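In my numbering, the protein residues as written are 84 to 294.
For every residue, glycine included, the Cβ atom is placed at its ideal position computed from N, Cα and C.
Predicted model, so just to flag it, every value in this text is computed and none were measured.
A short worksheet on the structure shown next.
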Amino acid sequence: MPNWTNNNVIIVGTKEQLDKVETIRMDFQKIIPMPAPLYADQMAERCAQCDSLMVKDDDDKFDKICKHCGIRDNIGGRVFNKSKLMWADKEGKLQSLDSDRFRQLNDKEKALALEWEKQYGTCSWYDWSVDNWGTKWIVRPDEVKTDRENDSTLAFNFDTAWACPYPILEELSRGYNVSMSVYCDNEGWENESFDVIDGSICNHKKEEVVR
Numbered sequence: 084m085p086n087w088t089n090n091n092v093i094i095v096g097t098k099e100q101l102d103k104v105e106t107i108r109m110d111f112q113k114i115i116p117m118p119a120p121l122y123a124d125q126m127a128e129r130c131a132q133c134d135s136l137m138v139k140d141d142d143d144k145f146d147k148i149c150k151h152c153g154i155r156d157n158i159g160g161r162v163f164n165k166s167k168l169m170w171a172d173k174e175g176k177l178q179s180l181d182s183d184r185f186r187q188l189n190d191k192e193k194a195l196a197l198e199w200e201k202q203y204g205t206c207s208w209y210d211w212s213v214d215n216w217g218t219k220w221i222v223r224p225d226e227v228k229t230d231r232e233n234d235s236t237l238a239f240n241f242d243t244a245w246a247c248p249y250p251i252l253e254e255l256s257r258g259y260n261v262s263m264s265v266y267c268d269n270e271g272w273e274n275e276s277f278d279v280i281d282g283s284i285c286n287h288k289k290e291e292v293v294r
C-alpha cells in the first residue's frame with residue numbers, strides 16, 4: 084500500500100468559474116484524460132482492444148481476460164522497464180531485461196504494448212499516471228469532500244497516493260482561470276504548502292514533521 088497525501092485545496096474565482104470546477108469535482112479524466120486504451124488496461128472492466136467485457140481468468144485468479152481476443156488486463160504492468168538490470172535464464176546465463184521486456188505477454192498483447200509506446204510514450208498506465216498526474220491512481224469524485232464557502236471560494240479535500248497531483252492542479256488553474264492555495268499532509272512526515280496562479284506553482288514550502 085502507498086503512503087497517502089491529504090490535499091486541502093482552496094480555490095478562488097468567480098461564481099461562474101467555481102460552478103464549473105465544482106461540477107467536475109477533481110475528476111482527473113476531465114482535467115488531464117488518460118488515453119482510453121491505457122485507462123481500459125488499468126480499470127480491467129473492458130478489453131483495451133475490442134471493448135468487450137473482461138471476465139475472470141480461469142488460469143489466474145488475479146487477472147481478467149477478454150474471451151474474444153485472449154487479451155488480459157494490466158498489459159503495461161507485465162512489461163519490464165527499460166533498464167540495465169540483469170537476470171539469469173534457465174541455463175544460468177545473464178540476460179538483459181531489454182532483451183525480452185515483453186516475455187510475460189502473448190503476441191496480441193505485445194503488439195498493443197508496442198503500439199501504445201509509439202503513441203503515448205509508454206505502454207504503462209502507471210508510468211503515464213505518475214508522469215501526467217503526479218500520482219499513480221485517479222481520484223474518484225465521490226471521494227472528494229467539498230465546501231462552498233461563498234460565491235468566490237471553493238474548498239476540495241481529497242487523498243492521493245504518494246504525492247500531491249501537481250500537474251492536475253496546474254491544469255485546473257490554467258483551464259478554468261482560477262487561483263489556488265494548497266496545503267498537503269504527506270502522511271504525517273512532511274507538510275507542504277503552495278499557491279497555483281495562472282497555471283503555475285509558486286510560494287512552494289516544505290516542512291518535515293518532527294516527532
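On the DSSP bridge list, what partners appear for K191? Partner(s): none; K191 has no beta bridge.
Using three-state DSSP, classify F241 as helix, strand or coil. Reduced to three states, the DSSP call for F241 is strand.
Taking Cβ positions, are V227 and M109 nearer each other than 8 Å? For V227 and M109, yes; Cβs fall inside 8 Å.
Which two residues bound the contiguous alpha helix (DSSP H) that contains D214? Segment W208 to W216, the alpha helix (DSSP H) holding D214.
Find out if the Cβ-Cβ distance for the pair E105, T229 is shorter than 8 Å. The Cβ-Cβ distance between E105 and T229 falls below 8 Å.
Taking V213 and N90 to be in contact with their CB atoms under 8 Å, please state how far apart those CB atoms are, rounded to whole angstroms. About 16 Å separates the two Cβ atoms, so there is no contact after all.
Give the C-beta separation of Y122 and W199 to the nearest angstrom, bearing in mind that I take them to be a contact with Cβ-Cβ under 8 Å. The C-beta distance from Y122 to W199 rounds to 11 Å, too long to fall under 8 Å, and the pair is not in contact.
Taking the alpha-carbon of Q132 as reference, which of Q187, A196, D183 and I94 has the nearest alpha-carbon? Nearest of Q187, A196, D183 and I94 to Q132, Cα basis: A196.
Which partner residues does E291 have in the DSSP bridge list? Under DSSP, E291 forms a beta bridge with E273.
Only counting the same chain, and skipping five residues up and downstream in sequence, which positions put a Cβ closer than 7 Å to that of D156? Excluding residues within five positions, the ones whose Cβ falls inside 7 Å are D124, A127, M137, D146 and K147.
Over the uninterrupted beta strand (DSSP E) stretch that includes R223, give me the two end residues. Counting along the chain, R223 falls outside any beta strand (DSSP E), and DSSP gives it neither H nor E.
Whose C-alpha, out of C152, L188, H151 and D183, is nearest the C-alpha of R161? For the residues C152, L188, H151 and D183, the minimum Cα distance to R161 belongs to L188.
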